[in-house]
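Taking my numbering, the leading residue of the sequence shown gets 108, the next gets one more, and so forth.
All C-beta atoms in this analysis are idealised placements derived from N, C-alpha and C, irrespective of residue type, glycine included.
Since this is a predicted model, take the numbers as computed values, not measurements.
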Amino acid sequence: MKRFLVLVLLTLIALCVISEETIKIGFFAPLTGFAAADGTSALHGAQLAIKLINSRGGVNGKELKLVYYDDALKADQAVSIAYKLVQKDKVVVAISGSYSGTTRAAAGIFQQLKVPMISAYAVHPQITATGDYIFRVGTLATVQGRAGAHLAVEKIGAKRIAVLVMDNDFGVSLAKAFVEEAKKLGAEIVYEEKYPLGEKDFRALLLAIKKLDPDAIYATAYYSEAAHIVTQAKELGIYVPIIGQEGYDSPKFIELAKNHAANGTVITTDLDRDSEDETVQWFIKTYKETYGIDADMVAASAFDAVIIAAKAIELGGETPEGVKKGLSMIKEVEGTVTGFKGFTEKREAMREITCQVVIGNRFHYFWKITDPEITTP
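In structure tokens, the structure reads:
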């Protein structure tokens, strides 16, 4: 009996040692529902980063563990997950692999509980404005919309632009920044109309645009809506450039767009498939080999969020307060793939803006915006 108790005690001690040797990072994303493709990409990107870091010995000699949940793109579910990650799972930092609405909802809880949260790719300005524990690795909507205007006016040469606006945090914030900057650059906004999330029939809107004969269309959208927009535009004989954003940056956009309608679409995003950077090419190759699908901006951003969180743990320590301190110390991080160049004082990511064009049903380099007057949050 004594021998049995000793064995039990030794086992419990060993388990305690193992748990102490694991650093938990929280993660939430829409793994079910209409946004599941993006949520799954984000999760895969984060898991790939965890695997890479642990294969190199972890952080400070300890393995990282990703604790993840499905928010189903529901704000109340994201709030519940935030409480669970902090109070039950005891994570030292959390990463949102979700959209702006759910990320905003969760951010308030992480701020209240004083645990750092990193938004991988959600764009709404209010996310980081929540407080000093909230950081963003993706590109702020204000920057991305502004960059889109320079892409449309300076690179494409559009003077008369029609704007379609998805009526949610993502779509409205991007369109607002685009319209303001396009007007400053001398462009005329000849049409601006909102549409609901999940819309599938854009024909009436596109016919109204066709009558105005614009030089380009700027349409805020996720990959599903974007596929309908470009497909129906081509069906209606609209062949002007359609300019999108990171929401288009998914293999699903190209897959869902009928009759190769995605070809010619130009977007602002954070992943340059044609980059000569060895880490970027390793990521693209390894992601495809691991998951059997092309990497997208969402996966790349979640990958970077984990790499950056790990660096913050290394710099600041294995507590929420230490991670917050570490994040504030970060300038550039070796091994990122989205061109991350550190955080501003307002905890926004700094980077040059990549523009990609769909050619032959694949994303390729089109232009890069480097002017800090445009790219600085």
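In its own chain, which residues sit with a C-beta less than 8 Å from the C-beta of residue i, not counting the 5 before and 5 after it?
{"i": "residue 370", "result": "465, 466, 467, 468"}
{"i": "residue 341", "result": "366, 368"}
{"i": "residue 418", "result": "433, 437, 440"}
How about residue i and residue j: are their beta carbons less than 8 Å apart?
{"i": "residue 205", "j": "residue 185", "result": "yes"}
{"i": "residue 207", "j": "residue 277", "result": "yes"}
{"i": "residue 209", "j": "residue 182", "result": "yes"}
{"i": "residue 270", "j": "residue 282", "result": "yes"}
{"i": "residue 443", "j": "residue 403", "result": "no"}
{"i": "residue 470", "j": "residue 458", "result": "no"}
{"i": "residue 334", "j": "residue 354", "result": "no"}
{"i": "residue 244", "j": "residue 361", "result": "no"}
{"i": "residue 142", "j": "residue 192", "result": "no"}
Distance, Cα to Cα, residue i vs residue j?
{"i": "residue 236", "j": "residue 149", "result": "23 Å"}
{"i": "residue 298", "j": "residue 217", "result": "40 Å"}
{"i": "residue 407", "j": "residue 378", "result": "7 Å"}
{"i": "residue 319", "j": "residue 254", "result": "24 Å"}
{"i": "residue 383", "j": "residue 390", "result": "12 Å"}
{"i": "residue 432", "j": "residue 213", "result": "21 Å"}
{"i": "residue 109", "j": "residue 128", "result": "With a pLDDT of only 43 at residue 109, under 50, the local geometry of the prediction cannot be trusted, and the value read off the model is given with reservation. Rounded to whole angstroms, residue 109 to residue 128 spans 29 Å at the Cα level."}
{"i": "residue 429", "j": "residue 197", "result": "14 Å"}
{"i": "residue 392", "j": "residue 315", "result": "43 Å"}
{"i": "residue 174", "j": "residue 292", "result": "46 Å"}
{"i": "residue 399", "j": "residue 425", "result": "34 Å"}
{"i": "residue 130", "j": "residue 165", "result": "9 Å"}
{"i": "residue 177", "j": "residue 137", "result": "5 Å"}
{"i": "residue 421", "j": "residue 163", "result": "13 Å"}
{"i": "residue 228", "j": "residue 439", "result": "18 Å"}
{"i": "residue 250", "j": "residue 463", "result": "16 Å"}
{"i": "residue 300", "j": "residue 286", "result": "12 Å"}
{"i": "residue 132", "j": "residue 460", "result": "28 Å"}
{"i": "residue 272", "j": "residue 330", "result": "14 Å"}
{"i": "residue 409", "j": "residue 332", "result": "23 Å"}
Around the C-beta of residue i, are 16 or more other C-beta atoms found within 10 angstroms, so that it is buried, or is it exposed?
{"i": "residue 288", "result": "buried"}
{"i": "residue 116", "result": "Because the pLDDT at residue 116 is just 39, under 50, the model does not fix this residue reliably, and the value given afterwards should be weighed accordingly. The residue is exposed, with fewer than 16 neighbouring Cβ atoms inside 10 Å."}
{"i": "residue 310", "result": "exposed"}
{"i": "residue 122", "result": "Residue placement at residue 122 is flagged as unreliable, the pLDDT there being 40, under the threshold of 50; the coordinate-derived value follows with that caveat. Classification for residue 122: exposed."}
{"i": "residue 194", "result": "exposed"}
{"i": "residue 221", "result": "exposed"}
{"i": "residue 152", "result": "buried"}
Take residue i and list the residues in its own chain whose beta-carbon comes closer than 7 Å to its own, dropping the five residues that flank it on each side.
{"i": "residue 453", "result": "235, 484"}
{"i": "residue 397", "result": "155"}
{"i": "residue 275", "result": "208, 304"}
{"i": "residue 323", "result": "259, 263, 265, 268, 347, 348, 350"}
{"i": "residue 248", "result": "230, 231, 232, 280, 281, 284"}
{"i": "residue 290", "result": "296"}
For residue i, which residues in the same chain have their Cβ closer than 6 Å to its Cβ, ignoring the five residues on either side in sequence?
{"i": "residue 338", "result": "364, 365, 368"}
{"i": "residue 145", "result": "405"}
{"i": "residue 106", "result": "With the chain covering 108 to 484 only, the question about residue 106 has no answer from this structure."}
Any contact of the stretch 469 to 481 with the stretch 237 to 248, i.e. 3+ C-beta pairs under 8 Å?
no
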